[in-house]
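When the letters of the sequence shown are read in order and numbered with mature numbering (1 follows the signal peptide of the UniProt record, and there is no 0), they come out as residues -28 to -1, 1 to 697.
All C-beta atoms, glycine included, are put in the ideal place defined by N, C-alpha and C.
What follows is a short report on a single structure.
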Amino acid sequence: MPDIRCFRSGLPFMFMAGLCAHMSVAVAEPALMPQPRTCHIQSGAVPLSGGVAVEWQGMRSAMLDHAAERFTQRLAALSARDAAPGARLGLTLRIHCLAPDADMLSIHMREHYSLHTDAQGATLEADGPAGVLRGLATLLQLVERRDGGPVLDAAEIDDAPRFAWRGLLVDVSRHFMSLAALKRQLDMMELTKLNVLHLHLSDGQGFRVESRLYPRLQQVASHGQYYTQQQVRELVAYAAQRGIRIVPEFDTPGHSYALLLAYPQYAAQPVAAPMDPKRVVRAAIDPTSPQARDFIARLYHEMAGLFPDAYFHVGGDEVRPDEWMRNPRINAWMQQHGYTTAALQAMYTQRVHDMLARDGKTMMGWDELLDAPVPASIVIEPWRGSRYTAAATQAGHPVVVSSGYYLDLLLPAAEHYRVDPLDPQGNGLPPDQVAQAHAPFLEPFALDPAARMTPAQDARVMGAETALWTEIVTEEMLDNRLWPRAAALAERFWSPASVRDAASLATRLPVVQAELELLGNRATADRARMMARLAPDDVTPLATLLSVTSPVRHYAHNHVFGPSRVAPTADPRPLDRAADIAATDSTQAAVFYRDVLSCLAGRKDLAPSLRARLENWRDNDARLRLLAQRDPSVTEVLPASALLAQLAQAGLDAMSAPPTGWREQAEAALATARGQFAASASMLAVRTSPQPAGDLLPDITPGIVALVQAARSSDRVVQQGAGTR
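Listed below in structure tokens is the structure:
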């Protein structure tokens, strides 16, 4: 069993202003994310008084020199110490890259490193260049702020990833993301050791790469938003400098409306301009047409030349069989050859596989490809449930898992974090509930209680990736919807399987996010700008509400999921509402809950702070109602504000000599809160349950439950800072 424990004393370095203003306990472990394979924090530390002197041994390259420059700049940002020429050097960093890596930027690249820091400086030894990059990311997370200034903790670390493929999927078809936004995500990925950027570059809403063979793809199918071929090369090079591969996805034969809008002659059913919302998710290529297959072969060949990675994702998901069945010619062809629609897609898959193989590419596709036999060399990406990981590996396929890791579900980080890529029961809907729902489209999402994984199947899982589909995510929302949850999943994919302490994750997550924001992440800044637009007169009441609420889950924020999926630019409503701004993980609510538990366990000194927070949340309702009189745009969140005030009052009553009838009022407020969480607790619940006004959930609920239960179980209550009496 690897030693994964890390210990250190003192508070984590560099909290963002107000991020953890009420943090009352010291972090008992360093805020390393991902946690290393082995880590020992030791006494002593290196003061960071100036720049960095880098000493090289072994292999050195321009890429590594650039990595050292980025490290120096980032260290200066974290430590607030000048790294300008002439500054006194405060850290000696010795880097020993043992050898070049012929497998660099491949699934086999060597990422192992060891790190030793003490009063003499830091020594980083790595098997190859990728290991240097991963070690530098860890070294930055060892920076800590102390009374005498920033220091680098003394540590002994040996580290290597659990999985070779640790990816992040960004959908740039539903909402286009600029090159600058993607580069920013690559920077965050480097800092958290993610190593594959999977770009979903085509779908019904847009085709996003310049084609010189088929220029109508950018002229018609991109709506003016696409990456030139030069920009693609620039992005690939930018990623490579950070040890990150880019895997493109061009989705066919379904999800092809934009592509077929440009070249309708290859469609199974008529495609007309302007965009028909009812057709966007249904349009499919005619796989029986030699001309259509030649079109795809030439297009994929051109795109393959832009992306040097060995893997090429072709989608293959959610093909609507009636697109083919309603075409008399296709239907006749199928009958002539004895094909079902599943067999027809398998034929198409086989031909695309052969095309890509001639270009030296390994084909990837979603788990629907398993509906009929396809070549075992195709990498399957299970997304509908963990059962498909078992099914794909049993059939001999390599696998990259994304089931359980869809960030657009708007689940808290801990919900994704608990799912292990190798657990065939890790993600899915209860079969009995699916049966009761009488919804055939949900059946593939049901768990299979019989699914199992053998060691041989485990070995076929190359890794996993988290995904953000952008039906209701604009570029302004990108950082907020990705981070810090993507960092939590970077740990799930890198660290040993035994690293799964949700309480530790909750403690470290805000610290890591604070560091990411110092290094370029814009989640907090973008939320602040969106709030300022929504409430220009006075943003404070809205900010107070959104600091302890989160958006409804499991696509409930889409309201009517079908129309939101098929609209040309995703959700037709402006994506500027309070629920679009709210983060999925409320740091303030999490700290409140932890402090409540500590207070009930005997930390009497916490009571005044708890009371002050509760009073602020209670009184904020009146302030927000005054604001709504001037800014009607915030009116829809007033019910959420009222419930927050009721919950806060319940907590105050539980901490004091409560008035008569307080329990009934408290239980009524808690029942409302529980009902709101239950309404979006699963896709099944969302189909049948009305959602709370404003699409906001009250995240202080667990803390209030703990206070009310403690008061209910005893006549003793917490009063005026005297603790429990």
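CA nearest to the CA of residue i, picked from the options
i           : options                   : result
D294        : A418, I257 and R180       : I257
L419        : P6, E437, L271 and N399   : N399
H80         : L171, A469, P456 and I216 : I216
P19         : M502, H309 and G121       : G121
T446        : M149, S78 and P72         : M149
A364        : V433, L578, S570 and T673 : V433
V680        : G376, L401 and M627       : M627
P220        : Q213, G226, L207 and A423 : L207
G139        : G176, V372, D175 and S86  : V372
E608        : L578, A640, S652 and L506 : L506
residue 699 : D671, I218 and L615       : Lying outside -28 to 697, the shown extent of the chain, residue 699 is not represented and no answer is given.
H12         : T89, D326, P242 and L488  : T89
G196        : L599, Q618, D75 and G178  : G178
Y283        : D289, M275 and E290       : M275
V286        : D498, Q307, M306 and D326 : D326
R156        : A573, N452, H526 and D591 : N452
Q92         : A71, V24 and W305         : V24
Q663        : D380, T673, I672 and A651 : A651
DSSP bridge partner residues for residue i (one or two, in chain order)
i           : result
V371        : I352 and V433
H68         : Q29 and E97
V115        : L124
F222        : S174
Y199        : V181
L63         : V24
residue 704 : The chain is shown from -28 up to 697; residue 704 falls before or after that span and cannot be answered.
A239        : I257
I268        : None; I268 has no bridge partner.
L440        : V142
D131        : Y85
C-beta atoms of residue i and residue j nearer than 8 Å
i    : j    : result
L114 : D125 : yes
A478 : A386 : yes
L105 : L65  : no
I67  : V123 : no
D667 : P523 : yes
L586 : A620 : yes
G310 : A230 : no
L582 : D567 : yes
M655 : H526 : yes
T224 : I268 : yes
R590 : L615 : no
P416 : G357 : yes
F222 : Y272 : yes
S33  : P101 : yes
T442 : H227 : no
Three-state secondary structure (DSSP) of residue i
i           : result
V680        : helix
P662        : coil
G107        : helix
S613        : helix
R537        : At R537, the pLDDT of 30 sits below 50, so the modelled position is not reliable; the number obtained from the coordinates is stated separately. Helix, per DSSP.
A594        : helix
Y210        : helix
residue 762 : This structure gives no information on residue 762, because the portion of the chain shown stretches from -28 to 697.
P670        : strand
Q14         : strand
H80         : coil
W455        : coil
K165        : coil
M335        : strand
I302        : helix
H285        : strand
S150        : coil
I553        : helix
S519        : coil
T512        : helix
S685        : helix
R217        : strand
L401        : strand
Whether or not the region 553 to 560 and the region 369 to 388 are in contact is what I'm after, with contact meaning three or more pairs of Cβ atoms, one per stretch, closer than 8 Å; do they touch? A contact exists between the region 369 to 388 and the region 553 to 560.
Below 8 Å, can you find three or more Cβ-Cβ pairs linking the region 463 to 482 to the region 124 to 142? Judged by pairs of C-beta atoms under 8 Å, the region 463 to 482 touches the region 124 to 142, as three or more such pairs exist.
Touching by the beta-carbon criterion (3+ pairs, under 8 Å), the region 506 to 521 and the region 592 to 600: Enough Cβ pairs lie closer than 8 Å, so yes.
Touching or not, the region 154 to 168 and the region 262 to 277, by the rule of three or more beta carbon pairs under 8 Å? Result no; under three Cβ-Cβ pairs closer than 8 Å.
Mind the definition here: the region 315 to 324 touches the region 340 to 351 only if three or more C-beta pairs lie below 8 Å; say whether that holds. Cβ pair count under 8 Å is three or more, so yes.
Do three or more CB pairs link the region 634 to 645 to the region 488 to 502 at distances below 8 Å? In the pairwise beta carbon analysis, the region 634 to 645 is classified as not touching the region 488 to 502: fewer than three pairs are separated by under 8 Å.
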